[in-house]
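Sequence positions in the sequence shown follow this note's numbering and run 22 to 228.
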Amino acid sequence: MTGYFSFFITAVLLALTPGPDVLLVVAIAAKEGFKPALTLTLGLASGVIFHTALIALGLSALIIASPLAMTLIAGFGACYLLYLAWLTWQHRGDQVAQASLDQEAKQTGAYYWRGVVMNITNPKVLLFFLALFPQFAQLNEPGYQLRIAVLGLIFIVVTVVVFGGLAYLTAKSTQSFMQNPKFKSAMDYITVLIFVGLAGLLLYSIK
């Protein structure tokens, strides 16, 4: 239990550390509101399941050992982020409107899958998990797969609670500005910069 508690504290501190994912969630919360930002967060958290499974199956080390695999993953992730930046740029002048239930459902699904794809195509996340989880999972002792699964679950819960909390606070504090065209335009530009910056980091990691 001591190991799990130590991992929990580590995960909370990491989640609270300003980084690209946090900045993106906050930007979406300020621009679109709490629900889209929470949906993006759930997508990012779901990606943790993928990385946790790779570690439990011993596949993450094989992928990291292959320069070609890492390059392909990073390249795809960077292209996807640039595509999202382009979409945001294309719709930067759109105003917030009352959407139908079908449109809202589609938008919600889009934000979720954005989070999933962004997480699983980020080789730095794979490297991070491979470096962090073995320190707490005691891989040299039986039952390490279950311990890895528990660590993954803890990380998911922490991600949802911390990122979701930040999204809620941001959305509430910017609610009065969300219908302001200038504010929305500024947040659109910030979101584009975050997407491009994330893509640049991934492309740089290929070197």
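Each residue gets a CB set at the ideal place from its N, CA and C atoms; glycine is no exception.
Where residue i falls, given that 16 or more other Cβ within 10 Å makes a residue buried
i    : result
S121 : For S121, the pLDDT reaches just 47, beneath the cut-off of 50, and the residue's location in the model is therefore unreliable, although a value from the coordinates is still provided. So S121 ends up on the exposed side.
K203 : exposed
V117 : Caution applies to V117, whose pLDDT of 48 falls short of 50 and renders its modelled position unreliable; the model cannot decide the point.
P144 : buried
G130 : exposed
S81  : buried
D123 : With a pLDDT of only 48 at D123, under the threshold of 50, the placement of this residue in the model should not be trusted; the figure read from the coordinates follows. That one is exposed.
T38  : exposed
T212 : buried
Y104 : exposed
G221 : exposed
Y132 : buried
L219 : buried
L34  : exposed
Q119 : Confidence at Q119 is low in this model, with a pLDDT of 46, below 50, so its placement is unreliable and the value that follows should be read with caution. Exposed: under 16 other Cβ atoms inside 10 Å.
L102 : buried
Expected contact under 8 Å - CB spacing of residue i and residue j to nearest Å
i   : j    : result
G98 : L223 : 5 Å
A50 : A188 : 4 Å
Nearest to residue i (by Cα), restricted to the options the options
i    : options                   : result
Y25  : T212, M208 and Q156       : Q156
F176 : T109, H72 and A50         : H72
L75  : L37, I141 and S27         : I141
A66  : A36, K52, L83 and I49     : A36
G136 : F184, W110, R168 and Y225 : F184
D209 : P39, L44, F28 and A48     : A48
V217 : L83, L44 and F150         : L44
V181 : Y101, G68, S27 and G79    : G68
G79  : Y225, G186 and F150       : F150
Y225 : L108, S27 and C100        : C100
K52  : V146, D42 and T109        : T109
S27  : L167, D42, Q196 and F154  : F154
I215 : A106, G96 and Q196        : A106
C-beta atoms of residue i and residue j nearer than 9 Å
i    : j    : result
T31  : V46  : no
A158 : L148 : no
A170 : A77  : yes
G40  : W134 : no
F29  : V179 : yes
I94  : I84  : yes
Test: residue i CB closer than 9 Å to a CB of chain C
i   : result
P41 : Protein chains in the displayed structure number just one, and chain C is not present.
Q) For the 8 Å Cβ check, are there 3 or more pairs between the stretch 55-65 and the stretch 178-195? A) yes
Q) Any contact of the stretch 88-104 with the stretch 154-174, i.e. 3+ C-beta pairs under 8 Å? A) no
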